[in-house]
Amino acid sequence: ATGHRDVTVVNGFAVPVRAMVGTGTREVAPGAAVTLNVPIGTHRARAATASGTELESFELPVAAGRALLLWNVAGAAPVYDEVVEYFVKPPGEDHRGPKPTLHCGDRVFEVTGIDYAFQPPPTKVSMPQGASRHTRRHLDVATGLEAPQADFCATMLLDSHREADALRVLEARARARGLQRDDVGILLRVAVASGPAEGERVARVVRTAFPDDVMVQRSYQFALEAAGKLPELVAEYRGRAEAAPESPTAQYLHLRLLDGAEQLAGAEAALARFPKDPDLLRLVTALRAETGDFGGAAAAYRTLRVLSAEQAAEVLPETAASLVRLGRGAEALAEIAALFDALPLPSRAEPAVLYARLAALRGVSGSDALVRRLEEKAPDPVLRARAGLPPPSPAPKGADELVVPALYGLVRKDPRAALEKLRPLPPALVGVQLDSGTWALLYLEAVRTDVRLDPALLAFAPVRPRHLEKLKSYVRGETGAALPAVPLVVRAAAEFVRSRNAALPEAERAALAAAARADDPLATWVADAMARWPAAAR
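Our numbering numbers the first residue of the sequence shown as 5 and each following residue consecutively.
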């Protein structure tokens, strides 16, 4: 007996898993646990699906001991252990028992003192003589969750700043069900947040799986650029474009890696050859708006809007801003409302926010009309915060714990307080809920004032890595630093943040502030910050 030990294997995936430790093998049903008795020593541990797809494989040391030894495959199962309390008399209503320990992300671990493992504890126990309270220890896998177990664990890990553990769960989950297109977005975001090397590794895997998907190619480019591989990318995609001159997609993927006049001229020439290509139309719409050709941006958008509402939604902010700059605010408002109706439900948040902002700016009643339509099923405090609207009434359960609406409230008033609020927050929690202008405001003000933010926030940047480096030089007030071609609201944020540098000449600061107002014609959070932030200290 002393030469062997039990290893309990837990499966948090939605498919059966075949687990092997040394020469022992067992099948583990979804959400279940099984035990393998193995000799003391180090063994190869491998978990795979019924089809043979490997979920993970590693060397598992099994030392002598009496504690419960668990292998939670990839850390995907929400294993928890808790103290169960028993009382002679019921405790008061304000009694709060010990919090359970959740083992999401913990792949191999030991737990001691467990009385009931993977079975419900009894409702009653015999109490020791004279005792008023007695405790037992219980360990199990959480059930009845709002999401599948692996998804739940990934979310909990991201909320706890454990991006690397979340990535391991998400990768294994994707392999368990066969990598699907809707796995790609979250996988790549979390991979880039885990570090440049992980971002590059996962990006290469995903592109191999979906070689013809343009969105995957775009994400691949972002990940490799973040890993410092821009020259390699440009050379590769230039070669692809030259090898396929009749492919608008090949031309587009090469052009989006270029900059400045070369990029704009190339994009215009490609669009002349392929006037109905949505990717080129989207690129040209953005470039025209960013370079001040507002009429040209609106014209390209009109063509794109007919071809693809979802592609048009990506450049709706630039188009609406262009129309306002042209004095066509009513047309911009009507276009936002029309696109809202044309989009599927998950894509309607951005138009709802833009409509609320522009309608309020123009004094149109019912500025929250589109937001309220999205709230017909459930109030959304984050959406309301993004739109600059008051909180929903009645507030949803737990609304006082929603940190992102509170963060937006601080952004409006005080950058120092907002940055202090942002610093400890999980990047994956806030990264997907901050709009482009607010992200740029906070990040660039942090750069200007030397406040260190979690590098994982860069995975959610609204600009490409090479442009972010130029923006950082610009807001620091470095001589000769110029603005790259970035979305107008990001440009406005950068101009405003640079204007807060008290070391710059007063005339330059005033010109920068005026440029920021002009580049934020929709009066977003940049305009709010300009109106309310206290004067910069330096």
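A virtual CB, placed ideally from N, CA and C, is assigned to each residue, including glycine.
If you measure between the beta carbons of residue i and residue j, is that distance less than 8 Å?
i, j, result
"A293", "A301", "yes"
"A531", "A197", "no"
"V173", "A195", "no"
"V375", "A389", "no"
"A254", "A245", "yes"
"E339", "A324", "yes"
"S355", "L349", "Going by the sequence as given, residue 355 is Pro instead of Ser. Not closer than 8 Å, so no."
"A533", "L433", "no"
"S312", "P282", "yes"
"P321", "P525", "no"
"R470", "E229", "yes"
"R185", "F226", "no"
"A289", "A489", "The sequence given here places Thr at residue 289; Ala does not occur at that position. Not a contact, by the Cβ cut-off of 8 Å."
"R452", "V479", "yes"
"L393", "D372", "yes"
"A18", "P152", "yes"
"A170", "L161", "yes"
"Y256", "L287", "yes"
"T298", "L330", "For the sequence presented, residue 298 should be read as Phe rather than Thr. A contact, by the Cβ cut-off of 8 Å."
"R427", "L457", "yes"
"A540", "N505", "yes"
Say the cut is 7 Å; is the CB of residue i nearer than that to a heavy atom of the ligand SAM?
i, result
"L414", "In terms of ligand content, the structure shown is empty, and the ligand SAM therefore cannot be addressed."
Buried or exposed: residue i, going by 16 or more other Cβ atoms within 10 Å of its Cβ?
i, result
"S503", "buried"
"N15", "buried"
"P396", "buried"
"D345", "exposed"
"T12", "buried"
"H107", "buried"
"A363", "buried"
"P466", "buried"
"L191", "buried"
"A336", "buried"
"G481", "buried"
"S130", "exposed"
"S369", "exposed"
"T212", "exposed"
"G7", "exposed"
"R177", "buried"
"G402", "In this prediction, G402 scores a pLDDT of 49, lower than 50, which makes its location untrustworthy; the coordinate-derived value is nonetheless stated afterwards. The residue in question, G402, is exposed, as its Cβ has fewer than 16 Cβ neighbours within 10 Å."
"E424", "exposed"
"V310", "exposed"
"D404", "Because the pLDDT of D404 is 42, which lies under 50, any placement of that residue in the model is unreliable, and the question is left without a value."
"K103", "exposed"
"E175", "buried"
"K381", "exposed"
Report the option in the options whose CA atom is closest to the CA atom of residue i.
i, options, result
"D10", "P396, E266 and V66", "V66"
"E204", "D217, D216, V218 and R222", "R222"
"Q123", "E97, E114 and E86", "E86"
"G413", "E229, W537 and V145", "W537"
"P430", "M24, K93, Y478 and A460", "A460"
"A146", "G35, G296, L387 and A511", "G35"
"A100", "L234, E510, R22 and V88", "Here the sequence assigns Arg to residue 100, which means Ala is not the residue at that position. Considering only alpha carbons, the answer is V88."
"T116", "E380, G69, L337 and Q225", "G69"
"A498", "L457, R456, D458 and A450", "A450"
"P419", "S477, G481, V501 and A135", "V501"
"L73", "A54, T53, A52 and V25", "V25"
"D144", "N76, K425, R242 and P385", "N76"
"A231", "G199, L257 and L261", "G199"
"L308", "F298, V328, S164 and L284", "L284"
"D454", "K476, T442 and T212", "K476"
"L179", "A51, L516, R329 and Q267", "Looking at the sequence shown, residue 179 is not Leu but Arg. Selected option, being the one with the closest Cα: A51."
"D216", "G243, S251 and V206", "S251"
"R548", "E167, A54 and K233", "Outside the modelled stretch of the chain, which goes from 5 to 542, sits residue 548, for which no answer is possible."
"L262", "T127, E236 and A247", "E236"
"A391", "L438, P509, A422 and R427", "L438"
"R332", "Q315, L343, A342 and R366", "R366"
"D187", "R166, M219 and S164", "M219"
Of all Cβ atoms in chain C, is any one closer than 8 Å to the Cβ of residue i?
i, result
"A54", "In the structure shown, chain C does not exist; there is a single protein chain."
DSSP has residue i in a bridge; who is on the other side?
i, result
"M24", "T29 and R50"
"T105", "D85"
"F62", "A49"
"F113", "L74"
"P43", "H8"
"H142", "E86 and Y120"
Report yes or no: do three or more beta-carbon pairs, one from the segment 74-82 and one from the segment 122-141, lie closer than 8 Å?
The segment 74-82 is not in contact with the segment 122-141.
Do three or more CB pairs link the segment 32-40 to the segment 55-65 at distances below 8 Å?
No, because fewer than three Cβ pairs between the segment 32-40 and the segment 55-65 fall closer than 8 Å, the two stretches do not touch.
Counting pairs of beta carbons, one from the segment 88-105 and one from the segment 23-34, are three or more of them closer than 8 Å?
Cβ pair count under 8 Å is below three, so no.
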